[in-house]
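Asks:
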Ligand SMILES: [Zn+2]
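Numbering (my numbering), first residue to last: 699 to 999.
(1) Considering only the beta carbon of each residue, do residue 761 and residue 732 sit closer than 9 angstroms?
(2) With burial defined as no fewer than 16 other Cβ atoms inside 10 Å of the residue's Cβ, what is the status of residue 946: buried or exposed?
(3) Going along the chain, which residues of its own chain have a beta-carbon closer than 6 angstroms to the beta-carbon of residue 772, five neighbours each way excluded?
(4) Is it the case that the Cβ atoms of residue 775 and residue 877 are separated by a distance below 9 angstroms?
(5) To the nearest angstrom, how far is the alpha carbon of residue 953 from that of residue 926?
(6) Could you please go through the chain and list the residues whose beta-carbon is closer than 5 angstroms to any non-hydrogen atom of ligand 1?
(7) Would residue 943 and residue 879 be called neighbours here (beta carbons separated by less than 9 angstroms)?
(8) Once you ignore the five residues that flank residue 992 on each side, which residues in its own chain have a CB closer than 7 angstroms to its CB?
(9) Does residue 784 come out as helix, strand or coil in the three-state DSSP assignment?
(10) Could you give the first and the last residue of the continuous beta strand (DSSP E) run that contains residue 909?
(11) For the candidate residues 929, 914 and 903, whose alpha-carbon lies nearest to that of residue 892?
(12) Which one of 919, 882, 924 and 912 has the shortest CA to CA distance from residue 904?
(13) With a threshold of 7 angstroms on Cβ separation, who are the neighbours of residue 980 within its own chain once the five nearest residues in sequence on each side are excluded?
(14) I need the DSSP call for residue 972, collapsed to helix, strand or coil.
(15) Just checking residue 966 against ligand 3 - is the residue's beta carbon closer than 8 angstroms to any of the ligand's heavy atoms?
(16) Under 8 angstroms Cβ to Cβ from residue 873, same chain only, skipping five residues before and after it: list those, please.
(17) Can you look up residue 719 in the DSSP assignment and give me helix, strand or coil?
(18) When burial is assigned at 16 or more other CB atoms within 10 Å of the CB, is residue 812 buried or exposed?
(19) Pull up the distance between the alpha-carbon of residue 956 and that of residue 912, whole angstroms please.
(20) For residue 995 and residue 805, I'd like the C-alpha separation in whole angstroms.
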């Protein structure tokens, strides 16, 4: 009798284990664990899940995503997540190995960049990772997220949870377009720190004339001759400002402006990370508005 009860219990337990395995992680009684790499994507994901999942953001506010190094604790969080949301396209240079290991462990990885119509970089053969500086591409990112979350837990209305935020992204695109509308077509040129503004320029009808750093990363310094080319191009242009990321070194931009005979201002934007408390760029949407306002302000001078 005892033997038989034990046997029945064992069978019951194995049935339970199999069924909980089949119904996925969300049925374990806790909500999905989502780990996000950048602070900007972290804000977007937090708004999309809208309380329906636990979101951990790896990079702190102000961290340059190009040279971020994870802690051992963050690596462990990545490997035990249900879903990792990353930008991809080479942005998270130091996280690629850990993310591959997590994928091998069975973690679902959503890289947003490759699926939002990325723009090729000039001659490197790679793609520009700064997709988030276009809010319409981030609308696509929201849809990708909704799909990935649905793959993990189809009992939650993820699209419904994300709907209000998705609308706000479309609204912020319209408000940026309107704010910049006064700038004449023949003045829509940008000089920037590194190649971060390709998507912004593409969406709002600007052209990035030159960048101080030669690539789409903050990790590569310009050569003396490429810097001289930038000085010459800035001198020859009519642009009112040089736009840098607040978290990158400003020394080269200051040097550049010093070498130009006409007046050019240095405007620091929020490109790679959210701003701190009181900055006005604490959320992705506010960051986009803040940048648009700062760019508009420079052209109004
Ligand atoms: Zn960047």
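Quick reminder that beta carbons are idealized off the backbone N, C-alpha and C, glycines included.
Replies: On the basis of the supplied data:
(1) To locate residue 761, count along the chain shown from 1; it is residue 63. To locate residue 732, count along the chain shown from 1; it is residue 34. Against a cut-off of 9 angstroms, the Cβ pair of residue 732 and residue 761 comes out as no contact.
(2) Locating residue 946 in the chain shown gives position 248, counting from the first residue. Counting Cβ neighbours within 10 Å, residue 946 comes out buried, since at least 16 surround it.
(3) Along the chain shown, read from residue 1 onward, the residue named residue 772 stands at position 74. The answer, listed in chain order, is 756.
(4) Reading the chain shown from its first residue, position 77 is the one you call residue 775. Reading the chain shown from its first residue, position 179 is the one you call residue 877. Going by C-beta atoms, residue 775 is not nearer than 9 angstroms to residue 877.
(5) Sequence index remark: in the chain shown, residue 953 carries index 255 (1-based). Sequence index remark: in the chain shown, residue 926 carries index 228 (1-based). Going by the C-alpha atoms only, they are around 11 angstroms apart.
(6) 894 and 970
(7) Working through the chain shown from its first residue, we reach residue 943 at position 245. Working through the chain shown from its first residue, we reach residue 879 at position 181. No.
(8) In the chain shown, residue 992 corresponds to position 294, counting from 1. Excluding sequence neighbours, residue 992 sits near 965 and 967.
(9) As a first step, residue 784 must be located in the chain shown, where it is residue number 86. Residue 784 falls in the strand class under three-state DSSP.
(10) Against the chain shown, residue 909 aligns to sequence position 211. Element bounds for residue 909: 905-909.
(11) By 1-based counting over the chain shown, the position of residue 892 is 194. If we check each option's Cα against that of residue 892, 914 comes out closest.
(12) By one-based count along the chain shown, residue 904 stands at place 206. Answer by Cα proximity: 882.
(13) Along the chain shown, one-based indexing puts residue 980 at 282. Only 972 and 973 meet the Cβ criterion.
(14) On the chain shown, position 274 is the one that residue 972 refers to. Three-state result, residue 972: coil.
(15) Ligand 3 is not among the ligands present in this structure, which contains only ligand 1.
(16) One-based indexing of the chain shown puts residue 873 at position 175. Same-chain partners within the cutoff: 987 and 990.
(17) As a working note, residue 719 is residue 21 in the chain shown. Any reading at residue 719 is ruled out, since the residue's pLDDT is 38, under 50, leaving its predicted position unreliable.
(18) As a first step, residue 812 must be located in the chain shown, where it is residue number 114. Exposed, by the Cβ-count rule.
(19) The count along the chain shown starts at 1 and reaches residue 956 at position 258. The count along the chain shown starts at 1 and reaches residue 912 at position 214. Spanning the two alpha carbons is a distance of roughly 19 angstroms.
(20) The count along the chain shown starts at 1 and reaches residue 995 at position 297. The count along the chain shown starts at 1 and reaches residue 805 at position 107. In a straight line, the C-alpha of residue 995 is about 44 angstroms away from that of residue 805.
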